[in-house]
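Residue numbers (the UniProt record's numbering), protein chains in the order written: chain A, 1 to 412; chain B, 1 to 412.
Laid out in structure tokens, this is it:
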């Protein structure tokens, strides 16, 4: 691990919250930070100029999707993801494990449903890796620890993730134990593969390990100890429920955080559905988190606002289609609602994003109603700006040791 | 008509091409100019900042669509279209006639097809106007000369169009004669309605008349004389074939141009599918033209390039779905083609647009393949820039009296 990879700048006296700086060859990452997700080499609807304006500390890209299209070999020919997508800030890639194992979960769900799809019927886990069918063309692919690291090396991200098995929440202890043993073996193999070459075209790459263990306290604690003992540059906490079920997430953090080294960055994978979720993980000492929700709900017209209002059900697009879900915080509005038809105010009166500076709720309502593509970009810009701005506020509050004050102003 | 509405700046000695300036309260329009189409208060995929960067002389919006959603009354509450969409340059609105009568054409086609749609079965023309069903919700609407002008007044465009009947190409002389008589009566009524109030919230509005007459020389000539004799601020040439069939368009221009006053702006409605089409109408003394093709084909991956290559078939999205059509010029590429998969060059090596400055053909190819929305915006930016830049070159060439030289460099 590089000596200066992570510096802790300040610590809250109220809780485990802290600020820090992760140093990468594509720039410093101020923590705690929310990482927008750029699955297929674009944060959906945004280009690199939009990103530069929004100024995220780091963006995430998905190894699984990029492996399938356009492939890590093609991206390597372009000098890596930074050059391919014209983004010169820090990038983190996941290992692809979450998506591969999600196919496995989908498989079960699809076999129960009538929408069975011949393409998604193969996810075979063995002790060395996973063989799976592409959800796009049915072609056969295989990920192992070595290939997942090699794929991420070619993508050229600044921070890459160990190959792991993302087990379902409800895995029984026997299965969860098998999966965790694999994850720990793969962690070691990932580290070994990474250490053969920790740079990509002159840029350092840093490898994070991932704690798994489903919902079992003993496994989670064991995993925290095992992963923490290895020479990773950062420690991530993964699992199906992390981010999706914040009560479960909090419980897992209570188990594992005491066992994780303080001097490495802490990353909860998949957290960031609502502003409240950000407070929850930061309070528990987490430095980084990513979530597709802010951009996904944006494209459905659910927009963050600092105005306090009662929560409501919103429709979100999931892999299964449109689903009605209760949104977990009080700081959203659904721009599709008729009440915004003639509303001349911006989405959020206190917001300084491009969308709020230039367009009314009524204009956005109209764009959503007539399904103009511009709607989705303007909404995405707003939701990403909102999350990044909240993180900037949070970092200042931690440095000034008034984290709970800021949290209270959002939760009361 | 305002004394200084249109100034002719220079005339070609080689042909009827000329440059000029149309003065509006939202800025000067340098002619000849291509007008990007912003049907529903956005040039599809672009926001007003994108437009400011592209810097079109004037954009077009569609009265029919805006009347249905969000309605002229709502837009008026926002102080007009300029404020609603945050675009402070000149805007032209059409009368809605083309879309209403297109529904009539669709009706015939749909009755022949199996996709019959209960919503699109009413377009009833009488001597005073047209009653039609919304294609969205089946609600009944009526346009007359007076209501079309009133609707456009509320939208607040700088240039508005007389209410006309857009007759099918193959209308027989009896029907075409009836339709033309209506168009001429409606032209007079439009002018009368307009003259009651030629300003909108302090901004001048200018009214153009439209020459119709289908494919009949005698009717076209009569229409040119009748419309030219009225006190319109500009003269448009409409019809189903204008723009879609350039041979027919050229023939119509040969008939009518000698009969139109030189000192008014000349506008061919629906022209601009290919760079060649622009040369054709400008050569014949046309000052303004609009077409959805550059933005529509962009969203399908057909991109203009100055590189000379053989024409090919491209798929374009029409109201009927995807259609394979031969593209009429040699200056396009289909970014979906496998040959661009690893191509590091920009779409057009000579282009200075945002897309060409920042992204490779390979990146665009990838975005189209994975259907990322960003693809459609970047492609639109390029195609609109390309057409606007060609018009800038054309204006310089006319001023320097070397229009044929420029045309030859594009056609040989």
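Think of the CB as a built atom: it goes at the ideal place given N, C-alpha and C, for glycine as much as any other residue.
Please read these numbers as outputs of a predicted model, since none were measured by experiment.
Cβ-Cβ distance between residue i and residue j below 7 Å
| i | j | result |
| --- | --- | --- |
| residue 301 of chain A | residue 368 of chain A | yes |
| residue 392 of chain A | residue 19 of chain A | no |
| residue 268 of chain B | residue 237 of chain B | yes |
| residue 219 of chain B | residue 180 of chain B | yes |
| residue 298 of chain B | residue 380 of chain B | yes |
| residue 212 of chain B | residue 239 of chain B | yes |
| residue 32 of chain B | residue 56 of chain B | no |
| residue 22 of chain A | residue 6 of chain A | yes |
| residue 144 of chain B | residue 94 of chain B | no |
| residue 193 of chain B | residue 262 of chain B | no |
| residue 266 of chain A | residue 226 of chain A | no |
| residue 157 of chain A | residue 51 of chain A | no |
| residue 403 of chain A | residue 41 of chain A | no |
| residue 228 of chain B | residue 260 of chain B | yes |
Residue i versus the options, residue with shortest Cα-Cα distance
| i | options | result |
| --- | --- | --- |
| residue 199 of chain A | A:183, A:150 and A:188 | A:150 |
| residue 136 of chain B | B:100, B:165 and B:147 | B:100 |
| residue 171 of chain B | B:216, B:12, B:131 and B:40 | B:216 |
| residue 374 of chain B | A:196, A:89 and A:43 | A:43 |
| residue 87 of chain B | B:226, B:399 and B:53 | B:53 |
| residue 232 of chain B | B:250, B:239 and B:205 | B:205 |
| residue 140 of chain A | A:123, A:24, A:148 and A:127 | A:123 |
| residue 66 of chain A | A:248, A:189, A:148 and A:359 | A:148 |
| residue 335 of chain B | B:305, B:143 and B:358 | B:305 |
| residue 160 of chain B | B:370, B:362, B:210 and B:410 | B:210 |
| residue 59 of chain A | A:338, A:411 and A:388 | A:388 |
| residue 128 of chain A | A:138, A:164, A:333 and A:266 | A:164 |
| residue 249 of chain A | A:411, A:173, A:272 and A:370 | A:272 |
| residue 103 of chain B | B:82, B:167 and B:401 | B:167 |
| residue 24 of chain B | B:222, B:372 and B:89 | B:89 |
| residue 303 of chain A | A:228, A:384, A:390 and A:343 | A:384 |
| residue 353 of chain A | A:382, A:377, A:371 and A:343 | A:382 |
| residue 96 of chain B | B:376, B:152 and B:27 | B:152 |
| residue 195 of chain A | A:68, A:182, A:370 and A:162 | A:162 |
| residue 61 of chain B | B:406, B:270 and B:307 | B:270 |
| residue 286 of chain A | A:344, A:27, A:186 and A:34 | A:34 |
Identified DSSP bridge partners for residue i
| i | result |
| --- | --- |
| residue 94 of chain B | For residue 94 of chain B, which the question treats as bridged, DSSP gives no partner whatsoever. |
| residue 18 of chain B | B:11 |
| residue 6 of chain A | A:22 |
| residue 143 of chain B | B:130 |
| residue 204 of chain A | A:199 |
| residue 332 of chain A | A:304 |
| residue 266 of chain A | A:235 |
| residue 27 of chain A | A:24 |
As assigned by DSSP and simplified to three states, the class of residue i
| i | result |
| --- | --- |
| residue 173 of chain A | helix |
| residue 272 of chain B | coil |
| residue 123 of chain B | strand |
| residue 162 of chain B | coil |
| residue 216 of chain A | coil |
| residue 418 of chain B | With chain B represented from 1 up to 412, any question about residue 418 of chain B goes unanswered, as that position is not in the structure. |
| residue 135 of chain B | coil |
| residue 58 of chain A | coil |
| residue 405 of chain A | helix |
| residue 33 of chain A | strand |
| residue 183 of chain B | helix |
| residue 235 of chain A | strand |
| residue 387 of chain A | helix |
| residue 230 of chain B | coil |
| residue 210 of chain B | strand |
| residue 289 of chain A | strand |
| residue 118 of chain B | Note on residue 118 of chain B: pLDDT 46, under 50, position unreliable in the model; no value is reported. |
| residue 87 of chain B | coil |
| residue 395 of chain B | helix |
Q: Would you be able to state if there are at least three C-beta pairs under 8 Å between the segment 237-255 of chain A and the segment 63-77 of chain A?
A: no
**Q.** Cβ contact check for the segment 196-212 of chain B and the segment 126-136 of chain B: 3 or more pairs under 8 Å
**A.** no
Q. Are the segment 270-286 of chain A and the segment 40-59 of chain A in contact at 8 Å, needing three or more beta carbon pairs?
A. no
Q.
Taking contact to mean 3 or more Cβ pairs, one atom from each stretch, closer than 8 Å, check whether the segment 9-16 of chain A and the segment 340-349 of chain A are in contact.
A. no
Q: Evaluate the contact criterion for the segment 289-296 of chain B versus the segment 246-256 of chain B: three or more CB pairs, one atom per stretch, below 8 Å.
A: no
Q. Can we say the segment 355-365 of chain B touches the segment 74-85 of chain A, given the rule of at least three CB pairs closer than 8 Å?
A. yes
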